[in-house]
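Chains as they are written, first to last, in the working numbering: chain A, 1 to 312; chain B, 1001 to 1414. Note that the Cβ used here is the ideal one computed from N, Cα and C, for glycine as well. This report concerns only the one structure given below.
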Amino acid sequence: MALPPYADPLERLWHRTYQVICALVFIFLIAPILIVIPLSFNVEPYFSFTEKMVRLDPTGYSLRWYDTLLTFGMQAPEVPRDGAWYADMWANATWVQAAKNSLIIGFWATIFATVLGTLAALGLSRPEMPYRRAIMAILISPMIVPIIIIATGMFFFYSNPCGIIGIECGRLTSTYLGVILAHTILGIPFVIITVTATLSGFDQSLIRAAQSLGANPRTVFFKVVMPLILPGVVSGALFAFVTSFDEVVAVLFIAGPEQQTIPRQMWNGIREQISPAILAVATILVVISIALLTTVELLRRRSDRLRGVTGR
Amino acid sequence: MADVALLTTSDGRPLAQALVQAQARARRRALFLVLPLLLFVIFSFILPIGQMLHRSVYNDGFSASAPQLGAWFAQNPASTEPDEAAFAALAADLASMQANRLAGEAGTRINYVIPETRSLFTRSARDAKNLTPPFKAALLEVDPKWGDPALWQAMRAASSAYTLDFYLVSADFQRTADGSIERVDENRQIYIALFVKTFILSAIITVLCLLIAFPVAHLLATLPMAKANLLMILVLLPFWTSLLVRTTSWMALLQGEGVINDLLVWIGAITEDGRLRMINNQTGTIIVMTHILLPFMILPLYSVMKVIPPSYARAARSLGATSWTTFRRIYLPQTLPGVAAGSLLVFILAVGYYITPALVGGADGQLISNLIDFHMDRSNWSMAAALSAMLLVGVLILYWLYDRLVGIDRLKLG
């Protein structure tokens, strides 16, 4: 923001102060996230910079906490690192199992949330949609209702899903399906919000134009609608994935020992014995979130370009 | 007019009728697209929460295991003194509780209303099968508490599975011996106090977020696009970073042996013994939650500020307003929709927060969500449900307000 030429000295001073305040806020926003990266390479089991680290002495840094991530939970971590060692790690290491679970649960929750959410967003964006506001309010509510209430509700319901009609039919707690369904619910608001935002600038006459040229509804959807809303759908899907990938409370209530995810392991680590291994996980997650953010930003710009929106 | 009425479609139907049909079809199609998701959300989200909330008014812990006493209560009006028949029914129920191992559960139900009665039930149930008539004397000998009219009042209330007791307890009320309702002593009013604290902390966090977000959102909205996009990434990165990662990094920063304290000691601002306690207390909750919720304030503010035309401010200045007056009278009023949207969103999210207070809140930085979890842990399901219902009502009122003031469809992410 440029200062107008008629500014008096006091205003100039305030302008400087204002810039300093903004810089401090950006530091406040970003420093806590970046600080974990160097700390995760600490050779000592501390949560602060050692003298060696400050002096940039290489012996102050190590990859030991990343190594811990691989070996923790293995049956024989000490043997030489050959094929058997890697097989052991792949099958037994706690964090590797957690990563697998997070990916499986995140993948399916994203698929369900994206497919159902995109269909619903298409319906909600039609001008003829009845009860639009009320339905929208219901579909966004999983984002607003406190997570502890959602988790307790699901805990009771999933322990006997057919109990509501008075019969027994197994349970969904301690199953992958249960956690996936819970995460689908939590991801849906994000898909609805991003896809309806993409559709808000959507020119409905394009559909009519395609129809008048003889396209059937399927062709219209796949050749006209889908390419235009795809960036929004993909960002919605990424939001849903991140929501699932970061979710811990529903996992605490619904998942069994088989379905422990990365956040669940971090929760354990933070609550019990907090070690820099947690910071190593955190660093990996920060790198992943930087990659996801970049993808979403690129998609958003592409979407704006496609829809002819200039600027942010 | 006659000509208009004759307008028909090519197959001879009146045009108005065909239009109505076509519109109804379009409405059905739109609804049909939304229906799968709506059903899914109703069945695996709304129904479970409803079912859970049902537990806040329904608890058969006592009524299911005390059928005989229930029958006696049904036959005798509320003012009846418990007679020998009542004590006989109680003794029989206690004996069957002991046989079915239900005494603890039944005692727990009464324990909500009258503290320290759980052990009374388990103890008396153990002796129940050795009791001989007259039961009144026998039970009073086991424990004179059985003669307490307040206890009988509580058992009468609990003999129906449907009850408002849990809401009474959650609002810090209790039943007295004569069946009336009174507030509990001031130092035992934990629930209302926690609700108040949750709201106050959320308000503090919201105000802090607003104060911090306002200048930054203004900067982002007025900078040239290329620079603004770059700085926007600094706002969005925390938004995309795992909550647990952010909480962990704050623990590394704030703890006694952490980065900030080390830095302060190093520059000599504090002594080695004077390290600040910034975590595992209310301060920790406030700092970390402000950081986590900040993007939810910056983004709505930014989207409102971005479309405020700078010409109004320039016009005000050219008419002689000082920069402060211009800000106060011209700019600030135009940002109010963003302020309302951001503040409501942050407040709604803060009121129901669980993870951060649980990890960095210590003893005094806990919010109402953590108390719900506490009761869930101890299988006090009806209490957890009643507290959830009260929290949910608060959140839904705010959500409704948000919809009225801002509109749900204007919610944007990034």
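When Cβ pairs closer than 8 angstroms are counted between the two stretches, the region 1241-1253 of chain B is seen to touch the region 272-290 of chain A, the count reaching three or more.
Annotation: residue 1073/B is outside any beta strand (DSSP E); the continuous alpha helix (DSSP H) that includes it extends over 1067-1075. With distances taken between CA atoms, residue 1255/B lies nearest to 274/A out of 274/A, 130/A, 6/A.
Residue 1234/B and residue 26/A have their C-alpha atoms spaced approximately 7 angstroms apart. The region 1291-1306 of chain B makes contact with the region 1219-1230 of chain B, as at least three CB pairs between them are under 8 angstroms.
Counting along the chain, residue 1174/B sits inside the beta strand (DSSP E) bounded by residues 1173-1175.
Excluding residues up to 5 positions away in sequence, 79 lie with their Cβ nearer than 7 angstroms to the Cβ of residue 85/A in the same chain.
By the C-beta density criterion, residue 6/A is exposed, having fewer than 16 other C-beta atoms within 10 angstroms.
By the beta-carbon neighbour count (other beta carbons within 10 angstroms, threshold 16), residue 222/A is exposed. Sequence-ordered contacts of the region 129-152 of chain A with chain B read 129, 130, 131, 132, 133, 135, 136, 137, 138, 139, 140, 141, 142, 143, 144, 145, 146, 147, 148, 149, 150, 151, 152 [C-beta pairs closer than 9 angstroms]. Rounded to the nearest angstrom, the Cβ distance from residue 1407/B to residue 1285/B is 31 angstroms, too far for a contact under 8 angstroms.
When DSSP assignments are scanned along the region 1012-1079 of chain B, the uninterrupted stretches of alpha helix (DSSP H) that are 4 or more residues long and fall wholly within it turn out to be 1015-1041, 1047-1054, 1067-1075. Under the 9 angstroms criterion on CB atoms, residue 22/A is classed as interfacial with respect to chain B. With a cut-off of 8 angstroms on Cβ pairs, the region 111-124 of chain A is not in contact with the region 1317-1334 of chain B, counting fewer than three such pairs.
9 angstroms or more divides the Cβ of residue 1369/B from the Cβ of residue 153/A. In the structure shown, residue 1271/B falls within a coil segment according to DSSP collapsed to helix, strand and coil. Residue 1337/B has a beta carbon lying at 9 angstroms or more from every beta carbon in chain A. For residue 1295/B, at least one C-beta of chain A is nearer than 9 angstroms to its own C-beta.
Within 10 angstroms of the beta-carbon of residue 1379/B lie fewer than 16 other beta-carbons, which makes it exposed.
Around the beta carbon of residue 95/A, 16 or more other beta carbons sit within 10 angstroms, so the residue counts as buried. When C-beta distances to chain A are compared with 9 angstroms, the residues of the region 1233-1257 of chain B below that value are 1233, 1234, 1235, 1236, 1237, 1238, 1239, 1240, 1241, 1242, 1243, 1244, 1245, 1246, 1247, 1248, 1249, 1250, 1251, 1252, 1253, 1255, 1257, in chain order.
Counting only runs that start and end inside the region 1178-1241 of chain B, the alpha helix (DSSP H) elements of at least 4 residues fall at 1190-1222, 1225-1240. Only residues of its own chain outside the window of five on either side were considered, and among them none has a CB closer than 8 angstroms to the CB of residue 1196/B. Residue 186/A is positioned such that its CB atom lies closer than 9 angstroms to that of residue 244/A.
DSSP places residue 66/A in the helix class (H, G or I) of the three-state scheme. Interface residue (Cβ-Cβ distance to chain B less than 9 angstroms): residue 176/A is not classified as such.
Taken through DSSP and simplified to helix, strand or coil, residue 216/A comes out as coil.
Straight through space, the alpha carbons of residue 1166/B and residue 1383/B are spaced by roughly 6 angstroms.
Of all residues in the region 282-293 of chain A, those with a C-beta nearer than 7 angstroms to a C-beta of chain B are 282, 285, 286, 289, 290, 292, 293, reading in chain order. Contact residues of the region 1361-1388 of chain B toward chain A are 1368, 1369, 1370, 1372, 1373, 1376, 1381, 1384, 1385, 1388 (C-beta to C-beta distance below 9 angstroms). If you draw a straight line from the Cα of residue 207/A to the Cα of residue 235/A, it comes to about 23 angstroms.
At a cut-off of 9 angstroms, the C-beta of residue 109/A has no neighbouring C-beta in chain B.
Here residue 106/A is buried: its Cβ has 16 or more other Cβ atoms, across all protein chains shown, within 10 Å.
For the region 232-256 of chain A, the set of residues with a beta-carbon nearer than 7 angstroms to any beta-carbon of chain B comprises 239, 242, 246, 248, 249, in chain order. If you draw a straight line from the Cα of residue 1294/B to the Cα of residue 101/A, it is about 30 angstroms long.
Ranked by Cα distance from residue 131/A, the options 1030/B, 1071/B, 1142/B are led by 1030/B.
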